[in-house]
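Participant: Right, I'll just put the structure down here and ask away after.
Residue numbers (UniProt numbering): 1 to 290.
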């Protein structure tokens with residue numbers, strides 16, 4: 001379409017000069033505005049349409065709105081308008097709405113989207129069900145998350161990881177680790193998100209121990225955090241190690257490197273100062289490079 005080859009102003013000029021504009025032309029111009037981060041003009045053009053908008057029009061507007069912080073409810077208004085016009089949102093739109101709902105823990109909206117999807121044959125799609133597992137899990141509806149998970153004929157790594165993370169997030173560490181054992185027996189290969197969920201579950205187990213966790217346990221957690229780039233848990237593990245092994249240079253170095261790998265240089269410097277205040281020094285002939 002012309003919008004891919006010329007500037008917005010030129011495309012708009014061509015658009016305005018057209019005597020007859022069908023819905024595809026309107027959609028293309030709206031999409032061009034959205035790609036150019038000009039949502040205001042996209043909405044203005046939508047309101048000026050002299051052709052009946054189709055599902056593609058609404059899907060474009062909704063996904064565009066969801067890319068802007070604070071526009072969830074406006075996007076939902078367009079979503080509901082689609083219902084009224086008997087138009088069907090596509091899978092990308094549904095998944096985007098789900099992710100937005102998770103961000104504000106909008107459980108009622110998640111249920112609404114789930115109900116609509118069941119009535120309109122979107123529900124069986126594995127990507128949608130994986131999204132539901134994450135959405136329900138993040139909102140604390142672990143029973144619903146598990147039911148959706150169990151209903152999946154083919155469970156992808158996203159569904160497994162979402163369920164593990166949900167249990168870990170809501171303090172059910174043992175259940176999270178049980179699910180991880182199940183994934184190991186399946187044909188699904190865990191990814192980094194899976195292992196982050198396991199890390200969080202492992203931390204919950206350490207917290208719940210009646211006796212203090214050993215330096216070996218905290219060290220294993222810190223090492224895993226470095227592997228998977230988990231800064232928050234690394235901080236907890238690192239400072240626990242500073243108390244248990246205050247003279248172990250390796251612990252300070254590892255936490256500082258984790259911070260530096262995420263460009264958290266102030267935090268890395270704080271670790272360096274802590275090490276110096278505790279009188280920890282590198283062995284002669286060795287160097288500590290963050």
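Positions of the beta carbon are idealized from the N, C-alpha and C atoms, including for glycine.
For residue 32, tell me which candidate among 24, 42 and 23 has the shortest Cα-Cα distance.
Facilitator: Position 32 of the chain shown, counted from the first residue, corresponds to residue 32. Nearest option by C-alpha distance: 42.
Participant: Rounded to a whole number of angstroms, what is the C-alpha to C-alpha distance between residue 69 and residue 160?
Facilitator: Taking the first residue of the chain shown as position 1, residue 69 is located at position 69. Taking the first residue of the chain shown as position 1, residue 160 is located at position 160. So the alpha carbons of these two residues sit roughly 28 Å apart.
Participant: Excluding the 5 residues preceding and the 5 following residue 170 in the sequence, name in chain order all residues of the same chain whose CB lies nearer than 6 Å to its CB.
Facilitator: On the chain shown, residue 170 is found 170 positions in, with the first residue counted as 1. Only 140 meet the Cβ criterion.
Participant: Distance, Cα to Cα, residue 274 vs residue 193?
Facilitator: Sequence index remark: in the chain shown, residue 274 carries index 274 (1-based). Sequence index remark: in the chain shown, residue 193 carries index 193 (1-based). Rounded to the nearest angstrom, the two C-alpha atoms are 31 Å apart.
Participant: Please report the Cβ distance between residue 126 and residue 154, rounded to the nearest whole angstrom; I am assuming they are in contact, meaning their Cβ atoms lie under 8 Å.
Facilitator: Along the chain shown, read from residue 1 onward, the residue named residue 126 stands at position 126. Along the chain shown, read from residue 1 onward, the residue named residue 154 stands at position 154. Yes, residue 126 and residue 154 are in contact; Cβ-Cβ is about 6 Å, under 8 Å.
Participant: Where does residue 82 land, buried or exposed, given buried means 16+ other C-beta within 10 angstroms?
Facilitator: Position 82 of the chain shown, counting from 1, holds the residue named residue 82. Counting Cβ neighbours within 10 Å, residue 82 comes out buried, since at least 16 surround it.
Participant: Which ranges would you report for the alpha helix (DSSP H) in the region 11-51 if only whole runs of at least 4 residues count?
Facilitator: Segments of the alpha helix (DSSP H) lying fully in the region 11-51: 23-35 and 39-47.
Participant: Residues in the same chain with beta-carbon distance under 8 Å from residue 92, minus the five sequence neighbours each way, listed in chain order, please.
Facilitator: Here residue 92 is taken as the residue at index 92 of the chain shown, counted from 1. Same-chain partners within the cutoff: 59 and 63.
Participant: Taking the alpha carbon of residue 44 as the reference point, which residue from 56, 55, 54 and 29 has its own alpha carbon closest?
Facilitator: Translated into the one-based positions of the chain shown, residue 44 becomes position 44. When each option's Cα is compared against that of residue 44, the closest is 29.
Participant: With respect to the alpha helix (DSSP H) encompassing residue 126, which residues constitute its N-terminal and C-terminal limits?
Facilitator: As a working mapping, residue 126 is identified with position 126 in the chain shown. 126-138 is the extent of the alpha helix (DSSP H) around residue 126.
Participant: So, for residue 55: in the same chain, excluding its five sequence neighbours on each side, which residues have a beta-carbon less than 8 Å away from its beta-carbon?
Facilitator: Taking the chain shown and counting its residues from 1, the one referred to as residue 55 is at position 55. Closer than 8 Å at Cβ, skipping near neighbours: 82, 87, 88, 89 and 90.
Participant: For residue 115, does the count of other Cβ atoms within 10 angstroms reach 16, so buried, or fall short, so exposed?
Facilitator: Translated into positions along the chain shown, residue 115 becomes position 115. Exposed is the call here.
Participant: Would the region 242-259 count as touching the region 213-230 if we require 3 or more Cβ pairs under 8 Å?
Facilitator: yes
Participant: What does the alpha-carbon distance come out to for the pair residue 5 and residue 11?
Facilitator: As a working note, residue 5 is residue 5 in the chain shown. As a working note, residue 11 is residue 11 in the chain shown. Note on residue 5: pLDDT 49, under 50, position unreliable in the model; no value is reported.
Participant: Spatial neighbours of residue 230 within its chain, please: C-beta separation below 7 Å, excluding the five flanking residues on both sides.
Facilitator: In the chain shown, the residue the question calls residue 230 occupies position 230. Here the set comprises 196 and 199.
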